[in-house]
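Each residue of the sequence shown is one higher than the one before, counting from 1154 in the working numbering.
Even for Gly, the Cβ is constructed at its ideal location relative to N, Cα and C.
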Amino acid sequence: MAGLYIILMGVQGAGKGVQAAFIRDHYGIPHVSTGDLFRAMKTRTDPLAQQIQEIMRSGKLVSDEVTNEVVRERLEQDDASGGVILDGYPRSPGQAAWLEQYLQSRGEKLTTVLLLDLDLYQAFRRAFGRVTSISGESYNIYTASDAIDWQYVDDPDKQYPPRLEATLKATGEKLIRRPDDASAHAIIKRIDTYLETTQPLIEYFEAKGLVKRVDASKDIEAVSREIEQVIDGLRK
Ligand code: AMP
């Protein structure tokens, strides 16, 4: 059977991480995130690895040439012989074109570009409202009002904007909000960056009829079922 080569796209909060894990477990193909591959090079001391760390720190993109080479090496490993889920790659039309050519040279092709579709206001609320317990359980102030109590507390000196305080009703445990989730501006900036980089890619793949949209506003299981239907439908 032909391999499964799936590009997974979605704004932060669309559930890309959990759905990548679902696809990996259900179809037995590895989850390949170029961000993770680059981060894993942190301990390497060779000039290329050092240069990549520097680029990542600056928030810029690694060159297409270097990125494609890292992807090629990963796709040639044994566990990727049946395909992969690509996450964070391609990030440019140049990378997309290279990937298609590379797969073609191996007698393979892209199966689909799965777009986890989420309304941007929902995406914002999923990040802005997220609070986490010590054990790593995640809740959202907008949707988990039965499980958590929350309020905004004014800074006594009015030097800072009000702070969100959330507690777990059942135990009284204080829930933690990640600093980057507390900044509306930072969240909007991340969403904007996502739109800017993915829009040209979506258009590129749309023109080839490769994009499948999945409604990511539903709960995790429902989204997984929809993904399964899409992939199984394409495999027939
Ligand atoms: P991520 O975890 O996907 O946000 O990636 C972290 C960083 O790795 C990015 O800010 C880029 O510097 C680099 N990176 C990851 N994927 C790519 C890619 N496909 N092309 C270029 N740079 C990338």
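* To do: Over the uninterrupted beta strand (DSSP E) stretch that includes I1238, give me the two end residues.
  => 1236-1240
* Asked: Does the Cβ of K1169 lie closer than 7 Å to at least one heavy atom of the ligand AMP?
  -> no
* Quick one: measure Cβ to Cβ for L1271 and G1170, integer angstroms, because I've assumed they're closer than 8 Å. => Incorrect: roughly 14 Å between the Cβ atoms, too far for contact.
* Asked: Using a threshold of 7 Å, is the CB atom of I1355 nearer than that to any non-hydrogen atom of the ligand AMP?
  -> no
* Asked: Of all the alpha helix (DSSP H) runs that stay within the bounds of the region 1239-1302, which reach a length of 4 or more residues?
  -> 1246-1258, 1273-1281
* the ligand AMP heavy atoms versus the CB of V1215: any closer than 7 Å? -> yes
* Quick check: the region 1274-1283 against the region 1211-1229, are there 3 or more CB pairs under 8 Å? -> Using a C-beta cut-off of 8 Å, the region 1274-1283 makes no contact with the region 1211-1229, since fewer than three inter-stretch Cβ pairs fall below that distance.
* Just list the beta strand (DSSP E) runs in the region 1311-1370, keeping only unbroken ones of 3 residues or longer that don't cross its boundaries, in chain order. => Qualifying beta strand (DSSP E) stretches, in chain order: 1316-1321, 1364-1368.
* How many angstroms separate the CA atom of L1321 from the CA atom of R1197? -> 42 Å
* Find out if the Cβ-Cβ distance for the pair V1284, Y1295 is shorter than 8 Å. => no
* **Own chain partners of R1330 with C-beta closer than 8 Å, once the 5 adjacent residues on each side are dropped** => If you ignore the 5 residues before and after R1330, its C-beta comes within less than 8 Å of the C-beta of R1283, V1284, T1285, L1317, A1319, all in its own chain and listed in chain order.
* To do: Could you check if T1264 is buried or exposed, using at least 16 other CB atoms within 10 Å of its CB as the buried criterion?
  => buried
* Spell out the partners DSSP gives I1160 in its beta bridges. => L1239, V1266
* Looking at the structure shown, is Q1304 part of a helix, part of a strand, or coil, going by DSSP? -> strand
* With DSSP as the reference, label V1171 as helix, strand or coil. => helix
* Asked: By Cβ distance below 6 Å, which residues in the same chain neighbour G1235 in space, the five residues on each side in sequence not counted?
  -> G1156, I1182
* To do: Enumerate, from N- to C-terminal direction, the unbroken alpha helix (DSSP H) stretches of 4 or more residues contained entirely within the region 1177-1232.
  => 1187-1192, 1200-1211, 1217-1228
* Asked: So does G1247 have its beta carbon nearer than 7 Å to some heavy atom of the ligand AMP?
  -> no
* Could you have a look at A1375 and say whether DSSP puts it in helix, strand or coil? => helix
* Under 7 Å from any heavy atom of the ligand ATP, does the C-beta of V1266 make it? -> Although the ligand ATP was asked about, the structure shown includes only the ligand AMP as ligands.
* Under three-state DSSP, which class holds G1386? -> helix
* To do: Rank V1215, Q1204, I1238 by C-alpha distance to the C-alpha of H1131 and give the top, closest one.
  => The shown model of the chain, from 1154 to 1389, leaves out residue 1131, and the question about it has no answer.
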